Amino acid sequence: MFKFIWDLLFPIQCLGGCGQYDMWLCPKCAETFKPVKKKGNLFFISDYKDELMQKLIHTLKYNYCEEAGRDLGKLLAEAIDEEFDYCLPSPISRSRKRERGFNQAEILCRAMDIKLNLDLIKIKNTRSQMTLNREERLVNLENCFKYKNNIDIKGKKLLLVDDVWTTGTTMGEMTRELEKFAPKEIWYAVLAKGDS
Ligand SMILES: [Zn+2]
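For what it's worth, this note's numbering labels the leading residue of the sequence shown as 98, then goes sequentially.
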């Protein structure tokens with residue numbers, strides 16, 4: 098009932114500005130993001146400055162819209178032309194997850210057809226990376242990720258998934274933790290990539 102009223106008040110409409118109802122990103126507007134890009138071992142849909150992508154990510158993260166994540170995850174999945182043993186969402190802390198109700202990167206992972214591995218966790222609350230300089234970013238993230246190792250990743254090919262790639266510091270810290278368990282390869286998939 099609540100959801101019904103909510104949908105009446107705030108109808109889902111394509112953020113591409115085409116007027117299409119019932120989806121955050123219609124297939125036609127999704128075309129503007131194609132082909133999804135690949136640079137080294139990173140897959141990404143668009144540049145961070147892309148206005149439509151910024152709107153979509155904001156809808157996903159701050160308006161708590163899981164549907165937006167599923168549409169974006171599917172788009173990303175279409176471009177992944179490699180086989181992976183596991184995909185791992187970039188983890189958020191427990192308190193952040195409680196607040197948001199879900200981890201946006203996990204929503205993206207679930208839209209892909211790759212086995213999900215949730216063993217990478219965030220054990221420390223960190224400040225938003227956006228407000229920090231490079232040095233502070235590194236200190237902020239130090240030892241904040243932990244791989245639980247319930248699933249053996251030795252010799253496996255992994256795909257780390259996040260919404261945004263800015264300086265790569267966060268992905269770098271996750272990679273450092275995962276490499277302790279000797280995976281064969283680590284690749285990355287994000288919705289939007291910054292300049293650096
Ligand atoms: Zn549209």
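Glycine included, each C-beta is placed from N, C-alpha and C at the ideal position.
Because the structure is a prediction, the values reported are computed rather than measured.
- Message: Does the beta-carbon of Lys125, which I'm using as the reference point, lie nearer than 8 angstroms to any heavy atom of ligand 1?
- Response: yes
- Among the residues of its own chain, which have a CB less than 7 angstroms from the CB of Gly269, if the five just before and after it don't count? none
- Query: How about Gln117: is its Cβ closer than 8 angstroms to a heavy atom in ligand 1?
  - Reply: yes
- CA nearest to the CA of Ile220, picked from Arg273, Asn214 and Cys241: Cys241
- Message: I need the boundaries of the alpha helix (DSSP H) containing Asp168, first residue and last residue.
- Response: Glu163 to Ala176
- Query: Since Leu149 and Leu112 are thought to touch, with beta carbons under 8 angstroms apart, how far apart are those beta carbons, to the nearest angstrom?
  - Reply: 6 angstroms
- Message: Is any non-hydrogen atom of ligand 1 found closer than 8 angstroms to the C-beta of Cys162, if you look at the structure I gave you?
- Response: no
- Query: Is Leu169 near ligand 1, going by C-beta to nearest heavy atom under 8 angstroms?
  - Reply: no
- Beta-carbon separation of Gln226 and Thr264 under 9 angstroms? yes
- Task: In the DSSP assignment, find the unbroken alpha helix (DSSP H) run with Val236 in it and report its ends.
- Result: Arg231 to Leu238
- Are the region 182-190 and the region 136-149 in contact at 8 angstroms, needing three or more beta carbon pairs? no
- Query: Does the beta carbon of Leu122 fall short of 8 angstroms from some heavy atom of ligand 1?
  - Reply: yes
- Measuring from the CB of Cys206, is there a heavy atom of ligand 1 at a distance below 8 angstroms? no
- Item | Three-state secondary structure (DSSP) of Ala202 | helix
- Query: Considering only C-alpha positions, which residue in the set Val261, Lys243, Asp292 and Arg191 is nearest to Leu205?
  - Reply: Val261
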